[in-house]
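All the letters of the sequence shown, read from the start, carry residue numbers 11 to 242 under this note's numbering.
No residue lacks a Cβ here, since even glycine has one placed at the ideal position from N, Cα and C.
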Amino acid sequence: MSRTVSVFYGSQTGCAESIAQRIYDEALEKQLDAELHPLNEFQKSKVETRDGHFVIIVCSTTGNGDPPDNCGKFWRYVKRRTQPEDMLAKLRYTVLGLGDTNYDKFCFMGKSIEKRMRELGAQSFYEFGAADEAMGLEDSVEPWLNGLWDAFDEATGGVSGAPTSESSVTESTSNDNAKDSIPTEKQATAPSAVNTSYLLENLISYENMFGPLDTPTEVPEDVPRLQSALLS
Numbered sequence: 011m012s013r014t015v016s017v018f019y020g021s022q023t024g025c026a027e028s029i030a031q032r033i034y035d036e037a038l039e040k041q042l043d044a045e046l047h048p049l050n051e052f053q054k055s056k057v058e059t060r061d062g063h064f065v066i067i068v069c070s071t072t073g074n075g076d077p078p079d080n081c082g083k084f085w086r087y088v089k090r091r092t093q094p095e096d097m098l099a100k101l102r103y104t105v106l107g108l109g110d111t112n113y114d115k116f117c118f119m120g121k122s123i124e125k126r127m128r129e130l131g132a133q134s135f136y137e138f139g140a141a142d143e144a145m146g147l148e149d150s151v152e153p154w155l156n157g158l159w160d161a162f163d164e165a166t167g168g169v170s171g172a173p174t175s176e177s178s179v180t181e182s183t184s185n186d187n188a189k190d191s192i193p194t195e196k197q198a199t200a201p202s203a204v205n206t207s208y209l210l211e212n213l214i215s216y217e218n219m220f221g222p223l224d225t226p227t228e229v230p231e232d233v234p235r236l237q238s239a240l241l242s
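This is the structure in structure tokens:
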């Protein structure tokens, strides 16, 4: 069984991307043949032609259940009803969706992608993950990440140690949800304002995720409390 993996992300403000970056780095530490792409490069990467290839997707939801900007092209491609039912049959996959149960369409894009992957013949090698900001990022993301590579090893028949990295996910998915869940036609943040520092260690404060031009037009009531707790 192939032990190659492609990590894809759909991220409007950088949160899902930073988690995908961590997964990619861990794959390299495990000496796997790994790639990292935004979801809009899915078709270009031609992963669907690679027999037994593993795909890990991390995706947030924007607007009123819409895909992030770097996921829209991918979503239009896979959701076409003219696509053959076995288009993704060569792939093994898993999906981590980022969301907040305080919003109506919790992890909508993650759930939609997971369902469509199955409909197009891809086989899941690990359970769908739903990261809920309402219960805290570490409580919802870390357990899923901790089981990811065991599931990968079981699916590939490989035996490898856990990554040596001690990094943990400490940035808040409220970055994606507080702003991205506002049902507007245009995102409030200019692309140049997005923080592109991939938060791979637990030394990055929550404050860095909301720069002067990256502040949502509507902030959930618990954001100041969360910010205070994380900065203390």
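Report task. Can you tell me which of the three DSSP states residue 14 falls into? Result -> Locating residue 14 in the sequence shown gives position 4, where the first residue counts as 1. In this structure, residue 14 counts as strand in the three-state DSSP scheme.
Query raised in the report: Which residues mark the beginning and the end of the alpha helix (DSSP H) in which residue 81 is found?
Result: The sequence position of residue 81 within the sequence shown is 71, counting from 1. From DSSP, residue 81 is part of no alpha helix (DSSP H); its letter is neither H nor E.
Query raised in the report: What number of angstroms, rounded off, separates the C-alpha of residue 39 from the C-alpha of residue 159?
Result: Position 29 of the sequence shown holds residue 39. Position 149 of the sequence shown holds residue 159. Roughly 12 Å between the two C-alpha positions.
Query raised in the report: Taking the alpha carbon of residue 43 as the point to measure from, which residue in 13, 29, 135 has its own alpha carbon closest?
Result: For this step, residue 43 is matched to residue 33 along the sequence shown. The candidate whose alpha carbon is nearest that of residue 43 is 13.
Requested in this report: Have a look at residue 29 and residue 108 and give me their C-alpha separation to the nearest angstrom.
Outcome: Residue 29 sits at position 19 when you count from the first residue of the sequence shown. Residue 108 sits at position 98 when you count from the first residue of the sequence shown. So the two alpha carbons sit approximately 10 Å from each other.
Report task. Would you identify the three-state DSSP class for residue 43, choosing helix, strand or coil? Result -> Here residue 43 is taken as the residue at index 33 of the sequence shown, counted from 1. Assignment of residue 43 by DSSP, reduced to helix, strand and coil, places it in the strand class.
Query raised in the report: Is DSSP giving residue 114 helix, strand or coil here?
Result: Residue numbering aside, residue 114 sits at position 104 when the sequence shown is read from its first letter. The three-state reading of DSSP puts residue 114 in coil, since its state is none of H, G, I, E or B.
Query raised in the report: What is the DSSP secondary structure of residue 168, counted as helix, strand or coil?
Result: Position 158 of the sequence shown, counted from the first residue, corresponds to residue 168. Under the three-state reduction of DSSP, residue 168 is assigned to coil, being neither helix nor strand.
**Report entry** Buried versus exposed call for residue 119 [16 or more other C-beta atoms within 10 Å across all chains shown]
**Finding:** Counting from 1 along the sequence shown, the entry for residue 119 is found at position 109. That one is buried.
Query raised in the report: Out of curiosity, what's the CA-to-CA distance linking residue 129 and residue 88?
Result: The residue given as residue 129 occupies position 119 in the sequence shown. The residue given as residue 88 occupies position 78 in the sequence shown. Distance between the alpha carbons of residue 129 and residue 88 is about 10 Å.
Query raised in the report: So is residue 54 buried or exposed if we call it buried at 16+ other beta carbons inside 10 Å?
Result: Within the sequence shown, the letter at position 44 stands for residue 54. By the neighbour-count rule (16 or more Cβ atoms within 10 Å), residue 54 is not buried but exposed.
Query - Supposed contact pair residue 100 and residue 58 - C-beta distance, whole angstroms, cut 8 Å - result: For the purposes of this step, residue 58 is taken as residue 48 along the sequence shown, with counting starting at 1. For the purposes of this step, residue 100 is taken as residue 90 along the sequence shown, with counting starting at 1. Contact flag correct, Cβ pair sits at about 6 Å.
Query raised in the report: Are three or more beta carbon pairs between the region 72-83 and the region 13-24 nearer than 8 Å?
Result: yes
Requested in this report: Would you list, in sequence order, the uninterrupted beta strand (DSSP E) runs of no fewer than 3 residues that lie entirely inside the region 129-158?
Outcome: 139-142
**Report entry** Rounded straight-line distance, which links the Cα of residue 103 to that of residue 96
**Finding:** For the purposes of this step, residue 96 is taken as the residue at position 86 of the sequence shown. For the purposes of this step, residue 103 is taken as the residue at position 93 of the sequence shown. Linking residue 96 to residue 103 through their CA atoms gives a straight-line distance of about 14 Å.
**Report entry** Buried or exposed by the 16-neighbour rule on C-beta atoms within 10 Å, applied to residue 94
**Finding:** Taking the sequence shown and counting its residues from 1, the one referred to as residue 94 is at position 84. Looking at its Cβ environment, which holds fewer than 16 other Cβ atoms inside 10 Å, residue 94 is exposed.
Query raised in the report: In terms of alpha-carbon separation, which member of 139, 149, 34 lies closest to residue 69?
Result: For this step, residue 69 is matched to residue 59 along the sequence shown. Comparing Cα-Cα distances from residue 69 to each of 139, 149, 34, the minimum goes to 139.
Query raised in the report: How big is the Cα-Cα spacing for residue 9 and residue 141?
Result: Outside the displayed span of the chain (11 to 242) sits residue 9, for which this structure offers no information.
**Report entry** Same chain, Cβ closer than 7 Å to residue 121, five either side skipped, listed in chain order
**Finding:** Locating residue 121 in the sequence shown gives position 111, where the first residue counts as 1. Excluding positions up to five away in sequence, the list reads 107.
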